[in-house]
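What follows is a short report on a single structure.
Residue numbers (our numbering): 374 to 544.
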C-alpha cells in the first residue's frame, strides 16, 4: 500500500521560493511549527531526514524539499504520482533532476541494490545445483537461463530497459 503525501498548502509560496537549484526561505512565518532551526531569510531550507531526504517544517507539516521545489516551479503534484530524483541523489533537488513518477517507476529507478545477487551482477543469479548456469529475474519476471554470465547480464540489462524504460536503473 502506497502512502499518499499530504498536499502542499498554496501559502508556502509566501514563505519559500525556488532559486538556483535550491528552495530558499523568503519570509519568516509566525506561529508554532514553522521555523526549522538555523534557517534565516534568504537561506536554503531543509534538514536531512532519517531516510536521507531534505525536509522542512511548515505549519506543523513536514514537507520533503524535493516535493516543495517541484510545487514551487510546476504546481500541484498529482495524487497518484511521486517525485523521482533522476540521478539517485536524494539531496540534489534541482528541478532538472526531478521528474514525476508512479510508485512502480520510482522503485525501478532506485539504485539501492535491489535485484543484486551473489554473482555481483544485478538481476543475475546462479542456477541452484548447476555449474556455470545463470538465470535472469527482473521485477519478478523470469527471462531465462544461460551458460554465459555475460549473456545473462546483457539479457538482464535489456529486460530492465524493456520493463522500466527511462526509469531503468542498471547500477
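Note that the Cβ used here is the ideal one computed from N, Cα and C, for glycine as well.
request  = Within its chain, find whatever has a CB closer than 6 Å to the CB of residue 435; leave out the 5 residues flanking it on each side and keep chain order.
outcome  = The residue given as residue 435 occupies position 62 in the chain shown. Once the five neighbours on either side are set aside, the close Cβ partners of residue 435 are 428.
_Please report the straight-line C-alpha distance between residue 380 and residue 449, rounded to a whole angstrom._
The residue labelled residue 380 in the question sits at position 7 within the chain shown. The residue labelled residue 449 in the question sits at position 76 within the chain shown. In a straight line, the C-alpha of residue 380 is about 8 Å away from that of residue 449.
**Asked** Could you give the uninterrupted runs of the beta strand (DSSP E) lying entirely in the segment 435 to 513, keeping only those of 3 residues or more?
**Response** Counting only unbroken stretches of 3 or more residues, the beta strand (DSSP E) elements lying wholly within the segment 435 to 513 are 455 to 458, 471 to 474, 497 to 499 and 507 to 511, in sequence order.
Is it right to say residue 521 is buried, meaning 16 or more other beta carbons lie within 10 angstroms of its own, or is it exposed? To locate residue 521, count along the chain shown from 1; it is residue 148. Taking every protein chain shown into account, the CB of residue 521 has fewer than 16 other CB atoms within 10 angstroms, so this residue is exposed.
Mind checking which residues open and close the beta strand (DSSP E) that includes residue 593? The structure shown does not extend to residue 593, since the chain is modelled only from 374 through 544, so no value can be given for it.
Handout entry: Whole-angstrom distance between residue 400 and residue 425, CA atom to CA atom
Key = If you number the chain shown from 1, residue 425 lands on position 52. If you number the chain shown from 1, residue 400 lands on position 27. In a straight line, the C-alpha of residue 425 is about 26 Å away from that of residue 400.
Residue of 476, 396 and 422 minimising C-alpha distance to residue 413: Taking the chain shown and counting its residues from 1, the one referred to as residue 413 is at position 40. Nearest Cα to residue 413 within the set 476, 396 and 422: 396.
- Task: Take residue 394 as the anchor and find which of 433, 503, 466 and 443 has the nearest alpha-carbon.
- Result: Sequence index remark: in the chain shown, residue 394 carries index 21 (1-based). Considering only alpha carbons, the answer is 466.
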